[in-house]
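Residue numbers (the working numbering), protein chains in the order written: chain A, -16 to 64; chain B, 1030 to 1798.
In this text, a Cβ means the ideal position worked out from N, Cα and C, and glycines have one as well.
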């Protein structure tokens, strides 16, 4: 069994309204030193395959179902067995 | 001849001595999207001025002359068929950012519809969300409070092939819906009306048409122009970034896979800034502080500032370094043409600048004074100490107008279609009920907030809680002080359009018209969002022209004004053009919203009548489309009959005779009857033997003609027949029981429990969203 973490983030230049609002409001609350806020979407998937197969499967799932390459980038991290 | 000052900006781009190849390379490399004739015109213009253009000037021209901004392929035909469609109650039609129509006294509504197809194909969530954001700003910039968002979606059904490099259908569909939901719900404006159509021809090329209605008092209308040559220009709302650069250029040409330009044009939209922006603008407007206003949509500051000044008979001076930016290092041309969302440009009298600044500060809206209107007709841009653009506004807005050729005759061969009788009619009926286009649309419409602001009188569904049915056209009350409301119906008969663009458009118009009547409102004005394929294709241009002709004819017949509209072309992938899809929004006015009618059956024992005539052809129906037989001869629409229905329904609406009305459209008589029944779980017994001599398939599933089903109150049948004797009516059955029973020629063709049928109907969309 292999556990893989998939982190989806926005590409640079894509403004995420939720993160922007959060950043703005943290400023209002007095946390001035926060320079930026960004939000990621994280999936953790367990595979009953070996690492290589699991990784390639996770890649297919990410690219064809979970992300839009126009706005998102993603990272696959193997968390171990 | 222009004698503008030669810019001191070092970024001049030599074009005066360029040949055609160099010009085209330049257009491509800079992403201008201009073709060779347009580039030659630019070259000649700057040759006559005796100087080279700057980068900003070329980019501004590319944007101003794009299809999206200057309607170069469609303008000539729009003028020919849709001009002079005004009525005495039309306040503003096709002049400013949105149409304004008077209801009564000083109460007006503001309306506009636009397509956001290309952005939604590339980034469904952001494309759809910014579609909603953009249309809200169009309404807002008239000074009006938005009261309802309308969305008509045309999506793939998962049965066609999505070309490589395009997003899969499920991803596209669910993200488009999520975009509309998130923006509309967060900004606090109800998403009330709209339509959904699924077809494999929209695979990879979804259409997202978003509309908005607002309410305003006549005295508060803000025009999209400066009021004098000394107005101060304020840019308020979101900051300006590199996002959305070249959005219009990319919307004005073919979608290509892995399109680099398209990636820069993507934005997600920010409803959280929009909500206070709406509040601040409305407050400033009600205090008379705004002299003119324009929203920044496709074309960005370039379009907005140019049009605002030109319409007010002035020129402008803008200091680009005063624009608030999201990121460092933006070039002047990027600031000028960026299409960043959530921005409004205001013309304000100098003495009001301080007060209006105070309002923006209270609401936490970023803003900056970016320039002023000046006498003359030139737009001058400064960046730091440099003059980066100095162009005549007349030249900037004198985009080319093409009279694109079109086929005079229909190239499509029509032939009669004969659909074989199914082996098992009852199974066939079940298939029709679960068909994607006939089934319940709850999985999508329940995601939208329909009731926020508390003015929704008739929701998109009606009936018993959690067991509702769809309504024909939702009704929104305009304000708290009067009983006036508006009924909204938007959509397109795509199946009919595929057969005949002229008659198909009449079907579309008549359907929206009937829907509005079904709510008890009087059709009042029309807005169109015209979606077509590649205009360089003569067949597509023929569809476009024929469709416009039909809109013109219909509106003239019923004296309806076309008050706003939008054209979206180049909706195609390679040779695959979308079906012609003129989305029509008809706004009806109801003098007392308490008397609105909903389609759910109300009373056990009441009588069911079928109203209206039809040839019962299956051409243009969802049934024949789902059986792969989309050809045939489309029946014409009897406008005279429709006009009689308009008079009768409105006359007898409040006579306590009509329990419910429903229009027969997608799915035919069968689906219409079931939908009325699903709302109340009251069954019916209907005999369709005598409605026509045609086969049972045609009786059940034909969508042609102007037909309604009416539930007449128990004991009022004689009065009803007397009142409606001027039109064709047939008594077909009674409401009652818990089963749907349909009899034809003494044979029971269906006898099923309503709840079990409803379950099938409700689950039709299960696999698509």
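Selection from the options that minimises the alpha carbon distance to residue i
{"i": "residue 1169 (chain B)", "options": "B:1301, B:1203, B:1224, B:1372", "result": "B:1372"}
{"i": "residue 1147 (chain B)", "options": "B:1502, B:1585, B:1155", "result": "B:1155"}
{"i": "residue -3 (chain A)", "options": "B:1355, B:1585, B:1638, B:1478", "result": "B:1355"}
{"i": "residue 1406 (chain B)", "options": "B:1416, B:1327, B:1339, B:1460", "result": "B:1339"}
{"i": "residue 1458 (chain B)", "options": "B:1127, B:1777, B:1331, B:1571", "result": "B:1777"}
{"i": "residue 1193 (chain B)", "options": "B:1517, B:1232, B:1173", "result": "B:1232"}
{"i": "residue 1208 (chain B)", "options": "A:0, A:-14, A:-16, A:-9", "result": "A:0"}
{"i": "residue 1718 (chain B)", "options": "B:1762, B:1740, B:1629", "result": "B:1762"}
{"i": "residue -15 (chain A)", "options": "A:35, A:51, A:55, A:-7", "result": "A:35"}
{"i": "residue 1098 (chain B)", "options": "B:1428, B:1681, B:1230, B:1541", "result": "B:1428"}
{"i": "residue 1363 (chain B)", "options": "B:1475, B:1069, B:1274", "result": "B:1274"}
{"i": "residue 1090 (chain B)", "options": "B:1667, B:1114, B:1321, B:1064", "result": "B:1064"}
{"i": "residue 1206 (chain B)", "options": "B:1179, B:1190, B:1229, B:1191", "result": "B:1179"}
{"i": "residue 1583 (chain B)", "options": "B:1348, B:1781, B:1554, B:1187", "result": "B:1554"}
{"i": "residue 1084 (chain B)", "options": "B:1237, B:1305, B:1365", "result": "B:1365"}
{"i": "residue 1779 (chain B)", "options": "B:1735, B:1712, B:1743, B:1544", "result": "B:1712"}
{"i": "residue 1749 (chain B)", "options": "B:1685, B:1698, B:1341", "result": "B:1685"}
Burial state of residue i, where buried means 16 or more other Cβ atoms lie within 10 Å
{"i": "residue 1758 (chain B)", "result": "buried"}
{"i": "residue 1391 (chain B)", "result": "exposed"}
{"i": "residue 1359 (chain B)", "result": "buried"}
{"i": "residue 1287 (chain B)", "result": "Bear in mind that the predicted position of residue 1287 (chain B) carries a pLDDT of just 47, short of 50, making it too unreliable to give a figure here."}
{"i": "residue 22 (chain A)", "result": "exposed"}
{"i": "residue 1035 (chain B)", "result": "Note that residue 1035 (chain B) scores 47 on pLDDT, short of 50, meaning its location in the model is unreliable and no value can be drawn from it."}
{"i": "residue 1797 (chain B)", "result": "buried"}
{"i": "residue 1133 (chain B)", "result": "exposed"}
{"i": "residue 1032 (chain B)", "result": "At residue 1032 (chain B) the pLDDT is 43, less than 50, meaning the model places this residue with poor confidence; the figure from the coordinates comes in the next sentence. Label assigned to residue 1032 (chain B): exposed."}
{"i": "residue 1385 (chain B)", "result": "buried"}
{"i": "residue 1135 (chain B)", "result": "exposed"}
{"i": "residue 14 (chain A)", "result": "exposed"}
{"i": "residue 1058 (chain B)", "result": "exposed"}
{"i": "residue 1437 (chain B)", "result": "exposed"}
{"i": "residue 1211 (chain B)", "result": "buried"}
{"i": "residue 60 (chain A)", "result": "exposed"}
{"i": "residue 12 (chain A)", "result": "exposed"}
{"i": "residue 1492 (chain B)", "result": "buried"}
{"i": "residue 1788 (chain B)", "result": "exposed"}
DSSP bridge partner residues for residue i (one or two, in chain order)
{"i": "residue 1780 (chain B)", "result": "B:1770"}
{"i": "residue 1174 (chain B)", "result": "B:1244"}
{"i": "residue 1614 (chain B)", "result": "B:1519, B:1556"}
{"i": "residue 1158 (chain B)", "result": "Note: residue 1158 (chain B) sits in no beta bridge, so no partner."}
{"i": "residue 1376 (chain B)", "result": "B:1262, B:1321"}
{"i": "residue 1687 (chain B)", "result": "B:1741"}
{"i": "residue 1491 (chain B)", "result": "B:1498"}
{"i": "residue -14 (chain A)", "result": "A:29, A:63"}
{"i": "residue 1401 (chain B)", "result": "B:1261, B:1346"}
{"i": "residue 1760 (chain B)", "result": "B:1638"}
{"i": "residue 1565 (chain B)", "result": "Looking at the DSSP assignment, residue 1565 (chain B) forms no beta bridge with any residue, so it has no partner."}
{"i": "residue 1143 (chain B)", "result": "B:1239"}
{"i": "residue 1407 (chain B)", "result": "B:1421"}
{"i": "residue 1602 (chain B)", "result": "B:1605"}
Cβ pair residue i, residue j closer than 8 Å
{"i": "residue 1700 (chain B)", "j": "residue 1454 (chain B)", "result": "no"}
{"i": "residue 1747 (chain B)", "j": "residue 1110 (chain B)", "result": "no"}
{"i": "residue 1547 (chain B)", "j": "residue 1588 (chain B)", "result": "no"}
{"i": "residue 1645 (chain B)", "j": "residue 1723 (chain B)", "result": "yes"}
{"i": "residue 1467 (chain B)", "j": "residue 1557 (chain B)", "result": "no"}
{"i": "residue 1092 (chain B)", "j": "residue 1266 (chain B)", "result": "no"}
{"i": "residue 1130 (chain B)", "j": "residue 1176 (chain B)", "result": "no"}
{"i": "residue 1153 (chain B)", "j": "residue 1182 (chain B)", "result": "no"}
{"i": "residue 1730 (chain B)", "j": "residue 1638 (chain B)", "result": "no"}
{"i": "residue 1078 (chain B)", "j": "residue 1472 (chain B)", "result": "no"}
{"i": "residue 1543 (chain B)", "j": "residue 1520 (chain B)", "result": "no"}
{"i": "residue 1323 (chain B)", "j": "residue 1309 (chain B)", "result": "no"}
{"i": "residue 1199 (chain B)", "j": "residue 1187 (chain B)", "result": "yes"}
Chain E contact for residue i (CB, 8 Å cutoff)
{"i": "residue 1623 (chain B)", "result": "Judged by its chain identifiers, the structure shown contains no chain E, and its protein chains are A and B."}
The stretch 1256 to 1266 of chain B in contact with the stretch 1378 to 1387 of chain B per 3-pair CB rule at 8 Å: In this structure the stretch 1256 to 1266 of chain B touches the stretch 1378 to 1387 of chain B; the number of beta carbon pairs closer than 8 Å is three or more.
Using 8 Å as the Cβ pair cut-off and three pairs as the minimum, do the stretch 1526 to 1533 of chain B and the stretch 1492 to 1511 of chain B touch? Contact between the stretch 1526 to 1533 of chain B and the stretch 1492 to 1511 of chain B is absent, because fewer than three Cβ pairs lie under 8 Å.
Is there contact between the stretch 1588 to 1602 of chain B and the stretch 1558 to 1568 of chain B, where contact requires at least three CB pairs shorter than 8 Å? Touching, yes.
Pair every Cβ in the stretch 1392 to 1402 of chain B with every Cβ in the stretch 1046 to 1061 of chain B, then say whether three or more of these pairs are closer than 8 Å. Between the stretch 1392 to 1402 of chain B and the stretch 1046 to 1061 of chain B there are fewer than three inter-stretch CB-CB distances shorter than 8 Å, so the stretches are not counted as touching.
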